[in-house]
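With the sequence shown counted from 1, adding 131 to any position gets you my numbering.
Take a look at the structure set out below.
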Amino acid sequence: MKWSITRLRRRQRGFSILEMLIATVILLVGLVSVAQLVPASLLLNYRNRMDSSALVFAQRRLDQMLDQPLTSSSFVDDLGNTCQLGDPANPDVVQGTNVVNLNNETLIDFSGATPPAWPTNGYGFTYQDPKDPNGISYDVRWAVIVTGNGSVAYSKRFLLGVRQVGGNGFFLPVTLDTMVTR
C-alpha cells in the first residue's frame, strides 16, 4: 500500500506550462469582457438619468396645463412662459406643434427646425435648468385637440413632448398624451 502511494506521488507533477497559458487566456478574456461592461453601464445610467429628468419635467408642464379650466385658452406657467391651451372655436383640429403617427402612436414632431428658430406661437419653449451643472436644455412642444361646439370646450387632449437639446449623445424625445373632460 505504501509503495503505490509513493508511485502516485511521482506521477503527479502539477500543471504544465500549456495548461497555465490556456487558463491565463481564459481569465484574461473574462476580465476584458467585464472591463468593457463598466463604460457601457455608465453610459446607460447617464441616458436613463436624462430620460428621467425629461419625463419629470414633461409631467410638471402637463400638470400645470391640466390644472387650468377647460374654458382657459392660455396661461402663464411658473417659468413665465405664455402657454396656449387651444381655441374652442377650432374644435377637432390639432392646434400647436405638428404631430405624427408612428406605429399607431401619436407623437410630437421634432423633425422640424430646432429652437430658437422654430415658431412656437405659444405651443413650445426652450428650458435650461439653472441647477444642472451640464447646462443641458430641453425643447418643450405641445399640441392640443379641443372637442366642443365652437365656443364651449367639452374636452381637451394634450400631447406634450420634451427632448434634450445639446449634451452628449442622442436621446429620444419623451411624449405624454392625456385628455381632460368636463
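Virtual Cβ for every residue (Gly too), placed ideally from N, Cα, C.
May I ask you to list the residues that DSSP assigns as paired with Ala274? Gly227 and Leu290
May I ask which residues mark the beginning and end of the alpha helix (DSSP H) holding Ser172? Ile148 to Leu197
Give me the Cβ distance between Ala274 and Thr306, rounded to the nearest whole Å; I'm assuming they're in contact under 8 Å. Contact doesn't hold; Cβ gap of about 10 Å is too wide.
Can you tell me whether Lys262 is buried or exposed? The criterion is at least 16 other CB atoms within 10 Å of its CB, across all chains shown. exposed
Span of the beta strand (DSSP E), counted from its first residue to its last, around Val311: Val305 to Thr312
Which one of Pro200, Pro222, Phe302 and Arg192 has the shortest CA to CA distance from Tyr254? Arg192
Environment of Gln259 [buried if 16+ CB atoms lie within 10 Å]: exposed
State the CB to CB distance for the pair Pro219 and Ser282, rounded to an integer number of angstroms; the pair is presumed to be in contact (CB under 8 Å). 6 Å
Excluding the 5 residues preceding and the 5 following Pro170 in the sequence, name in chain order all residues of the same chain whose CB lies nearer than 7 Å to its CB. none
Residue burial classification, Met181 (beta-carbon count within 10 angstroms, cutoff 16): buried
Which residue wins for smallest C-alpha separation from Asn326, given the options Gln195, Ser205 and Leu233? In this structure the chain extends from 132 to 313, so residue 326 is not present and cannot be described.
What residues in its chain sit with their C-beta under 6 Å from that of Ala284, if we drop five residues either side in the sequence? Leu201, Pro219 and Val277
Range of the contiguous beta strand (DSSP E) that encloses Ile267: Segment: none, Ile267 is in no beta strand (DSSP E) and carries neither H nor E.
Could you compute how far the alpha carbon of Leu168 sits from the alpha carbon of Leu174? 10 Å
Going by DSSP, which residues form a beta bridge with Gly217? Answer by DSSP bridge pairing: none, since Gly217 is not bridged.
Return the CA-CA distance between Phe302 and Leu290, expressed in angstroms with no decimal places. 19 Å
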